[in-house]
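All residue numbers for the sequence shown refer to the numbering used here, where the first residue is 219 and numbers rise by one. Beta carbons are placed, not taken as given, at the ideal position from N, Cα and C, and that holds for glycine. Because the structure is a prediction, the values reported are computed rather than measured. Quick notes on the structure that follows.
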Amino acid sequence: MTTGLKASDYSVGWICAIPIELTAVLAILDETYPQLDAADGDTNFYKFGRIGRHNVVISCLPAGRGGVTSAGIVAAHLRSKFSKLRFGLMVGVGGGAPSADNDIRLGDLVISQPTGVSGGVIQYDFGAAMENGEFLRIGSLNAPPSILLNAVAFIKAEDQAKLGQKISEIAQEIEENDSKFQYPGQETDILFRADYNHVPGEGRQRETCKSCDTSKVVPRPERKYDHPYFHYGIIASGNQVIKDSIKRNSISAQTGALCFEMEAAGLMNDFPCLVIRGICDYSDGHKNKRWQQYAALVAAIYAKELLLQIPAVSKDEADGADTRKREKIKGINFVIPFHMPFFRSNSFVGRAETLKQVHEYFSDSNLVDTPRIFALIGTGGMGKTQTALEYAYRHRHDYTAVFWISAASETTIRSKLGIPGLIDEKGTINANLESFDNIRLALFSWLQLPGNNRWLLIVDNADDLETFSIEEYLPNQGSGAIFITSRRPEFSQSAKQVGLEGLDSKSAVALLLNLAHLTDSGVLENEAMKLVEKLGFMPLAISHAGCYIHETKLPLRNHLPYYNKAFMALQSRKPRFGWNYRNDTAATTWEISFSKVEERDKEAALLLLVCSYLNPEEIFDNMWEDELLDNVEIKNKILLLASYSLVKIICFGVFFVYPVVYSWARERSGQPECFKAIRHAVMILGKASQRGDVSRDSNEWEARKERRVAFYLEYLH
Numbered sequence: 219m220t221t222g223l224k225a226s227d228y229s230v231g232w233i234c235a236i237p238i239e240l241t242a243v244l245a246i247l248d249e250t251y252p253q254l255d256a257a258d259g260d261t262n263f264y265k266f267g268r269i270g271r272h273n274v275v276i277s278c279l280p281a282g283r284g285g286v287t288s289a290g291i292v293a294a295h296l297r298s299k300f301s302k303l304r305f306g307l308m309v310g311v312g313g314g315a316p317s318a319d320n321d322i323r324l325g326d327l328v329i330s331q332p333t334g335v336s337g338g339v340i341q342y343d344f345g346a347a348m349e350n351g352e353f354l355r356i357g358s359l360n361a362p363p364s365i366l367l368n369a370v371a372f373i374k375a376e377d378q379a380k381l382g383q384k385i386s387e388i389a390q391e392i393e394e395n396d397s398k399f400q401y402p403g404q405e406t407d408i409l410f411r412a413d414y415n416h417v418p419g420e421g422r423q424r425e426t427c428k429s430c431d432t433s434k435v436v437p438r439p440e441r442k443y444d445h446p447y448f449h450y451g452i453i454a455s456g457n458q459v460i461k462d463s464i465k466r467n468s469i470s471a472q473t474g475a476l477c478f479e480m481e482a483a484g485l486m487n488d489f490p491c492l493v494i495r496g497i498c499d500y501s502d503g504h505k506n507k508r509w510q511q512y513a514a515l516v517a518a519i520y521a522k523e524l525l526l527q528i529p530a531v532s533k534d535e536a537d538g539a540d541t542r543k544r545e546k547i548k549g550i551n552f553v554i555p556f557h558m559p560f561f562r563s564n565s566f567v568g569r570a571e572t573l574k575q576v577h578e579y580f581s582d583s584n585l586v587d588t589p590r591i592f593a594l595i596g597t598g599g600m601g602k603t604q605t606a607l608e609y610a611y612r613h614r615h616d617y618t619a620v621f622w623i624s625a626a627s628e629t630t631i632r633s634k635l636g637i638p639g640l641i642d643e644k645g646t647i648n649a650n651l652e653s654f655d656n657i658r659l660a661l662f663s664w665l666q667l668p669g670n671n672r673w674l675l676i677v678d679n680a681d682d683l684e685t686f687s688i689e690e691y692l693p694n695q696g697s698g699a700i701f702i703t704s705r706r707p708e709f710s711q712s713a714k715q716v717g718l719e720g721l722d723s724k725s726a727v728a729l730l731l732n733l734a735h736l737t738d739s740g741v742l743e744n745e746a747m748k749l750v751e752k753l754g755f756m757p758l759a760i761s762h763a764g765c766y767i768h769e770t771k772l773p774l775r776n777h778l779p780y781y782n783k784a785f786m787a788l789q790s791r792k793p794r795f796g797w798n799y800r801n802d803t804a805a806t807t808w809e810i811s812f813s814k815v816e817e818r819d820k821e822a823a824l825l826l827l828v829c830s831y832l833n834p835e836e837i838f839d840n841m842w843e844d845e846l847l848d849n850v851e852i853k854n855k856i857l858l859l860a861s862y863s864l865v866k867i868i869c870f871g872v873f874f875v876y877p878v879v880y881s882w883a884r885e886r887s888g889q890p891e892c893f894k895a896i897r898h899a900v901m902i903l904g905k906a907s908q909r910g911d912v913s914r915d916s917n918e919w920e921a922r923k924e925r926r927v928a929f930y931l932e933y934l935h
């Protein structure tokens, strides 16, 4: 038995939800290790052991305290004590979601794998309940670490029948020593129709299906083999036990979920892991614990086979390799002089919570062997660039190197990477690298060097996700930090994504009065408040207004009427000094996004212009439906506008247009385009009033809907 191991010697964190799952993993360990002393404040209990060449630390949720929150707490303590973990595993049982496309049986295995826009796990009960009875799921969860997905790819490349047979044989060997893991047999695997409820038996037979009608069983062909079959895709996680086959089928149809469980959603964003579930029931009223032990065991065996695919480096070898590399690169200076392409803004206000989020995310001491990526998302003019710039200046001493890359186009990325890319793979400066690929690879190699773990790469304005792949320009190895700013909300699978909205009212007023040089003039703040509200609390638009007031000496009380008359002129005008941080004005930044939308879908672009003649605060999807466009087509157009941050989806079926984007959309159009938009708005309201579906409740026409139409009509002038 290996002794003398420390917390830093453990590289794999394994979490179980219930005791039988813990028993299963202990049964498959190659070797068990002695306990370590507990850390202050750590309420977790741990078991220690080895699988192959991996040292594994195992923890289990407190008895009777399952769920997303409990899992997150256990994972937080685990990562705090064991700071050298490379990745984690969440292994145990789950409820299957069989369908015509997925023949999932009891004893099968479901493994989380990114699918579409999902990272492999979705939280099915996190969102908003809508008036029409629909449930809008919000938020996103990270995908498993690349090293685990690579191991899954290698396992999938094997003969799946042989792998299933191998797992079955290992399970049989363990069953011989512990009968509770015995295979229950295909004859006990019964799936009832979704519309048939469980009939409880009496006494101890209550949870069995002895009293259920066998004519309600779903006929399925008998499998040739008894071994587990494998299913890769989405796992649905939530705080409730699903014992309703109708609800199971509904969620599965909407999300593509293959199984249900209660812990993974609390782990994915802060505990990089793969989720492996042995199917022990069908998430319906007929569920019982007959298959739990066997399902937990085969899940643990699969996880072991997965770990055996992953090369492990012992601590001595790792330390020796690091020492040799450091000796080889001794003398390399990882410190690069701090230089930003823009001056620090002395008028920057607010964003304290956002900056705190970024810093805490990048400061997490439990970094894995890939960079941490933070994506700041918002419409043009919200201050994404300025927030990233402020973070760089504020925390420049926390990093040995800070690089700023403009991602406005592939050309700008190449030109900017050419500067730090002059560092070759040996850490020396080489100004004669012949090709861009050499430059890019040289930079990435330098970022991965041992000891070079305090670099920050800021990728600004990453909005063009169609004409080139931004991933090719992001290093996927090393222990640094990547800060992305973008109008596009499509980074959630690989990054911690946070939306940036308007400034808080106090900061917005302070910014306006500061740039207008009215801070000491005794101006009533309510006048400033009216203006910043009109500007949607958007920093760029407020900056335009403040500078204009200062330069023209226009009284603040007169600016709002003037603004209403000359919106486009004001938002297209740059201040005379101090505007060198970018070439965009407020108007051009929205025009760029609009042009991108128009290139992809002219009808979506027209939809935005039509919205500028409706109430921008609450627009309903169903207003647009007609004989030519169905609900799905409309939603796709709205999603396209939202993907460029021109509109924001409030909840299912409802969106709003940012106030300044609304004003810009009205003012940008020429007379023919303006008349076309108004004509469409009138037609839409006319059809909506005839159908009676202007509101979310379209069952019957009500007076409040009539008032809503009247409210929309006010915006047509």
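Exercise for the section: Could you say which of Glu481, Ile392, Ser429, Ile519 lies nearest to Ile236 if we only look at CA atoms? Expected result: Numbered from 1 along the sequence shown, position 18 holds the residue referred to as residue 236. Among Glu481, Ile392, Ser429, Ile519, the Cα nearest to that of Ile236 is on Glu481.
Handout entry: Proximity below 8 Å, CB of Ser264 to CB of Ile246
Key = The residue given as residue 264 occupies position 46 in the sequence shown. The residue given as residue 246 occupies position 28 in the sequence shown. Checking the sequence shown, residue 264 turns out to be Tyr, not Ser. Cβ atoms of Tyr264 and Ile246: not closer than 8 Å.
Problem - Residue ranges of each beta strand (DSSP E) within the region 679-751, 3 or longer - result: 699-704, 714-717
Problem - Which residues DSSP lists as bridging Asn273, in chain order - result: The count along the sequence shown starts at 1 and reaches residue 273 at position 55. Arg268.
Problem - Cβ-Cβ distance between Val370 and Leu307 below 8 Å - result: As a working mapping, residue 370 is identified with position 152 in the sequence shown. As a working mapping, residue 307 is identified with position 89 in the sequence shown. Contact flag unset, no.
Practice task
Given a cut-off of 8 Å, decide if Leu749 and Leu721 are closer than it, judged by their beta-carbon atoms.
Solution key: Looking up residue 721 in the sequence shown gives position 503. Looking up residue 749 in the sequence shown gives position 531. No, the pair does not count as a contact, with Cβ atoms beyond the cut-off.
Exercise for the section: Determine the burial state of Ser301: buried for a count of at least 16 other Cβ atoms within 10 Å of its Cβ, exposed for fewer. Expected result: Numbered from its first residue, the sequence shown carries residue 301 at position 83. So Ser301 ends up on the exposed side.
Problem - Simplified DSSP assignment, three categories, for Leu223 - result: The residue you call residue 223 lines up with position 5 of the sequence shown. Leu223 falls in the coil class under three-state DSSP.
Practice task
Run the CB neighbour count on Gln604, radius 10 Å, all protein chains shown included, and call it buried at 16 or more, exposed below.
Solution key: Stepping through the sequence shown from its first residue, residue 604 is reached at position 386. Classification for Gln604: buried.
Handout entry: Residue range of the alpha helix (DSSP H) that includes Phe580
Key = Sequence index remark: in the sequence shown, residue 580 carries index 362 (1-based). Taken as a continuous stretch (DSSP letters only), the alpha helix (DSSP H) holding Phe580 covers 570-580.
Practice task
Can you tell me which of Thr261, Gly754, Asp681 puts its alpha carbon nearest to the alpha carbon of Thr703?
Solution key: Sequence index remark: in the sequence shown, residue 703 carries index 485 (1-based). When each option's Cα is compared against that of Thr703, the closest is Asp681.
Handout entry: DSSP three-state assignment for Lys855, whether helix, strand or coil
Key = Reading the sequence shown from its first residue, position 637 is the one you call residue 855. It is helical.
Exercise for the section: Specify, as a first and last residue, the run of the beta strand (DSSP E) that Phe450 falls within. Expected result: For this step, residue 450 is matched to residue 232 along the sequence shown. For the record, residue 450 in the displayed sequence is Tyr; it is not Phe. Looking at the DSSP string, the run of the beta strand (DSSP E) that includes Tyr450 is 448-455.
Exercise for the section: Identify every residue that forms a DSSP beta bridge with Val875. Expected result: Here the question's residue 875 lines up with position 657 in the sequence shown. Paired residues: Val865.
Practice task
Go ahead and pull the three-state DSSP assignment for Tyr251.
Solution key: Here the question's residue 251 lines up with position 33 in the sequence shown. Of the three classes helix, strand and coil, the one that applies to Tyr251 here is strand, per DSSP.
Problem - Buried or exposed by the 16-neighbour rule on C-beta atoms within 10 Å, applied to Met901 - result: The residue labelled residue 901 in the question sits at position 683 within the sequence shown. With fewer than 16 Cβ atoms within 10 Å of its Cβ, Met901 is classed as exposed.
Practice task
Give me the Cα-Cα distance between Ser830 and Cys491, rounded to the nearest whole angstrom.
Solution key: Working through the sequence shown from its first residue, we reach residue 830 at position 612. Working through the sequence shown from its first residue, we reach residue 491 at position 273. Answer to the nearest angstrom: the Cα atoms are 45 Å apart.
Exercise for the section: Can you tell me which of Tyr251, Met747, Gly290 puts its alpha carbon nearest to the alpha carbon of Cys234? Expected result: For the purposes of this step, residue 234 is identified with residue 16 of the sequence shown, where counting begins at 1. Nearest C-alpha to Cys234: Gly290.
Handout entry: Ala225 to Ser723 span [Cα, whole Å]
Key = Locating residue 225 in the sequence shown gives position 7, where the first residue counts as 1. Locating residue 723 in the sequence shown gives position 505, where the first residue counts as 1. So the two alpha carbons sit approximately 47 Å from each other.
Exercise for the section: Can you give me the start and stop residues for the alpha helix (DSSP H) that Arg466 sits inside? Expected result: Within the sequence shown, the letter at position 248 stands for residue 466. That run of the alpha helix (DSSP H) goes 463-473.
Handout entry: 8 Å Cβ shell around Val435 - same chain, five flanking residues per side excluded
Key = Looking up residue 435 in the sequence shown gives position 217. Here the set comprises Ile408, Leu409, Phe410, Arg411.
Problem - Cβ distance (whole Å) where Phe701 is taken to contact Val576 below 8 Å - result: Along the sequence shown, read from residue 1 onward, the residue named residue 701 stands at position 483. Along the sequence shown, read from residue 1 onward, the residue named residue 576 stands at position 358. Yes, they are in contact, since the Cβ atoms of Phe701 and Val576 sit about 7 Å apart, within 8 Å.
Practice task
Return yes when the Cβ of Ile329 is within less than 8 Å of the Cβ of Ile494, no when it is not.
Solution key: The residue labelled residue 494 in the question sits at position 276 within the sequence shown. The residue labelled residue 329 in the question sits at position 111 within the sequence shown. Yes, they are a contact pair.
Handout entry: Alpha-carbon to alpha-carbon, Ser861 and Pro668
Key = Taking the first residue of the sequence shown as position 1, residue 668 is located at position 450. Taking the first residue of the sequence shown as position 1, residue 861 is located at position 643. Rounded to whole angstroms, Pro668 to Ser861 spans 38 Å at the Cα level.
Practice task
Output the distance between the C-alpha atoms of Val339 and Ala746, rounded to the nearest integer angstrom.
Solution key: The sequence position of residue 339 within the sequence shown is 121, counting from 1. The sequence position of residue 746 within the sequence shown is 528, counting from 1. One C-alpha to the other measures close to 46 Å.
Practice task
Pick helix, strand or coil for Arg495, following the three-state DSSP scheme.
Solution key: Residue 495 sits at position 277 when you count from the first residue of the sequence shown. Arg495 falls in the strand class under three-state DSSP.
Problem - Beta bridge counterpart(s) of Cys278 as assigned by DSSP - result: Sequence index remark: in the sequence shown, residue 278 carries index 60 (1-based). Answer is Cys234.
Problem - Phe592 and Phe580 closer than 8 Å at C-beta - result: Indexing the sequence shown from 1 puts residue 592 at position 374. Indexing the sequence shown from 1 puts residue 580 at position 362. Yes, the Cβ-Cβ distance between Phe592 and Phe580 is below 8 Å.
Practice task
State the start and end residues of the unbroken beta strand (DSSP E) segment that holds Leu307.
Solution key: To locate residue 307, count along the sequence shown from 1; it is residue 89. Segment 305-314, the beta strand (DSSP E) holding Leu307.
Exercise for the section: Decide if the region 552-564 is in contact with the region 516-531; the criterion is three or more beta carbon pairs, one per stretch, under 8 Å apart. Expected result: no
Problem - Residue from Leu718, Ala281, Glu836, Thr250 whose Cα sits closest to the Cα of Asn273 - result: In the sequence shown, the residue the question calls residue 273 occupies position 55. If we check each option's Cα against that of Asn273, Thr250 comes out closest.
Practice task
Quickly, what does DSSP pair Trp673 with across the bridge? List them, please.
Solution key: What you label residue 673 is simply residue 455 of the sequence shown in a count that begins at 1. In the DSSP output, where bridge partners are listed per residue, Trp673 has Ala619.
Handout entry: Three or more C-beta pairs below 8 Å linking the region 468-484 and the region 384-403
Key = no
Handout entry: Three or more C-beta pairs below 8 Å linking the region 891-900 and the region 852-860
Key = no
Handout entry: Beta-carbon proximity list for Leu244, same chain, < 8 Å, skipping 5 on both sides
Key = Counting from one through the sequence shown, the residue named residue 244 turns up at place 26. Thr250, Lys265, Gly267, Ile276.
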